[in-house]
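Enquirer: Residue numbers (the working numbering): 110 to 487. Just so you know, even glycine gets a beta-carbon here, dropped at the ideal spot from N, CA and C. Computed from a prediction, not measured in an experiment: that's the story for all the values here.
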Ligand SMILES: [Zn+2]
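1. Can you list the alpha helix (DSSP H) stretches of 4 or more residues lying completely in the region 273 to 341, in chain order?
2. Does ligand 1 have a heavy atom nearer than 8 Å to the CB of residue 79?
3. From residue 111 to residue 219, what does the alpha carbon distance come to, in whole angstroms?
4. Please determine if the region 392 to 408 and the region 314 to 332 are in contact, where contact requires at least 3 C-beta pairs separated by less than 8 Å.
5. Is residue 290 near ligand 1, in the sense that its beta carbon is under 8 Å from a heavy atom of that ligand?
6. Confirm the yes/no value for this check: CB of residue 248, any heavy atom of ligand 1, distance under 8 Å.
7. DSSP beta-bridge partners for residue 251?
8. Can you find the residues in the same chain that come closer than 6 Å, C-beta to C-beta, to residue 359, ignoring five residues on each side of it along the sequence?
9. DSSP three-state label for residue 359, please.
10. If we call anything under 9 Å between Cβ atoms a contact, is residue 231 one with residue 154?
11. Which residues bound the alpha helix (DSSP H) around residue 409?
12. Output yes if chain C places a C-beta closer than 9 Å to the C-beta of residue 393; else output no.
13. Do residue 450 and ligand 1 come close, with the Cβ less than 8 Å from some heavy atom?
14. Can we count residue 469 as close to ligand 1, meaning its CB is less than 8 Å from some heavy atom?
15. Where does the unbroken beta strand (DSSP E) through residue 365 begin, and where does it stop?
16. Any heavy atom of ligand 1 closer than 8 Å to the CB of residue 465?
17. Quickly, what does DSSP pair residue 403 with across the bridge? List them, please.
18. Excluding the five sequence neighbours on either side, which residues of its own chain have a C-beta within less than 8 Å of the C-beta of residue 389, listed in chain order?
19. Can you give the Cα-Cα distance for residue 171 and residue 472, rounded to whole angstroms?
20. Near residue 480, which residues of its chain fall below 6 Å by C-beta distance, leaving aside the five closest residues on each side in sequence?
21. Using a Cβ-based criterion (distance less than 8 Å to any ligand heavy atom), does residue 472 qualify as near ligand 1?
22. Under a three-way DSSP split, which group does residue 155 fall into?
23. Which residues mark the beginning and the end of the alpha helix (DSSP H) in which residue 231 is found?
24. Select from 363, 161, 372 and 195 the residue whose C-alpha is nearest the C-alpha of residue 353.
25. What does the alpha-carbon distance come out to for the pair residue 487 and residue 131?
26. So the beta strand (DSSP E) residue 200 belongs to, where does it begin and stop?
27. Under 8 Å, with one C-beta from each stretch per pair, do the region 405 to 412 and the region 282 to 294 reach the 3-pair mark?
28. Taking Cβ positions, are residue 428 and residue 117 nearer each other than 9 Å?
29. Using the three-state DSSP reduction, which class does residue 163 fall into: helix, strand or coil?
30. Does the distance from the C-beta atom of residue 457 to that of residue 443 stay below 9 Å?
31. Taking only three categories from DSSP, how would you classify residue 111?
32. So, helix, strand or coil for residue 453, using DSSP?
33. Give every residue of the same chain whose Cβ lies closer than 8 Å to the Cβ of residue 507, excluding the five residues on either side of it in the sequence, and list them in chain order.
34. Exposed or buried, what is residue 477 when buried is set at 16 or more other beta-carbons lying within 10 Å of its beta-carbon?
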């Protein structure tokens, strides 16, 4: 028998599965929390919106929880984690990947309020149980709707073969250097930001694009004083420079936008000089500035072979899509497996447990059944 590493297996962790339809999911979640003895709980929802909705639902039943989304610049994170440590029965709702930033120290429940999209990530997440000697329940609540949502998200990042060469031509349009605007590519190609990001990352890893400095291409400006009054404070030369910049402001939906690159070309000034001027006006209380239009600047080869790049990037993204679907299917197999959860999970991770664990949901007699088919509306 192969030795079982303690990388994944935890004798105090009970793996449980619930399968139900989407509309039943919140009810089941609520039942679990109400029926089981209270204890430190981490709930992993699919999206921030799902997390907020669940928080509201729990609150409606008198159950207090906190949302936690790790952001390096976010100050709240530390406070929430302190709260988790200090509270007897805290409930934190988060989204996939964020749970790794919660150093719980003590834990009673991990709920996957959606299907994990990847078995390795699910298994790594079980390390949340480390540092707790008492029994922990980790339960996946699996619905057909969530499965479909994950498939849709994967598909949204794939591109049709004929569209990809069009997109590649849009990216490799310049000589030596290009600036790629996420919002423009998203609009033209009807793709989410992460699809564009993934495509660019792949092009970088292929070596077709080099550089990749991120910057904002648009300034959204809110004047706090009339422009004449702002300009009057400056000498003639500076006043003219500001007037020239202001001439490039475009009004869209009640807001003023400044395309920094276009403005730079129009007033014959470098980007950093325009940014410096805006910063100065902002600090003087003349305007409010917000930056947007996420973009990346790349070095591009001279006369790129668009056909070869398109084929290569298509093959890479297609392989990536198939791998992700394959990963999701493994999770579904795990959920629908009729047998010991630990034994099957360790098998998927390349370890032979050689026996039944005796303490997972299945071993304790739970028979949740297959994920039902998507609920028909009406
Ligand atoms: Zn078992």
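Expert: Reading it off the structure:
1. 291 to 298, 302 to 315 and 336 to 341
2. Residue coverage of the chain in this structure runs from 110 to 487, which leaves residue 79 outside it and unanswerable.
3. For residue 111, the predicted structure reports a pLDDT of 49, less than 50, and the residue's modelled location is therefore unreliable. A value from the coordinates is still provided. Using only the alpha carbons, I get a separation of about 29 Å.
4. yes
5. no
6. no
7. 128
8. 366
9. strand
10. no
11. No alpha helix (DSSP H) contains residue 409, which DSSP labels as neither H nor E.
12. Structure shown: chain C not included; a single protein chain is present.
13. yes
14. yes
15. 364 to 368
16. yes
17. 325
18. none
19. 33 Å
20. 128, 251 and 253
21. yes
22. coil
23. 228 to 234
24. 372
25. Interpretation of residue 487 is limited by its pLDDT of 46, a score under 50 that renders its predicted location unreliable; the figure taken from the coordinates is listed afterwards. Taking the straight line joining both Cα atoms gives about 14 Å.
26. 200 to 203
27. yes
28. no
29. helix
30. yes
31. A caution first: residue 111 carries a pLDDT of 49, below 50, which makes its placement in the model unreliable, though a value can still be read off. Correct three-state label for residue 111: coil.
32. helix
33. In the structure as shown, the chain starts at 110 and stops at 487, and residue 507 therefore has no counterpart that could be examined.
34. buried
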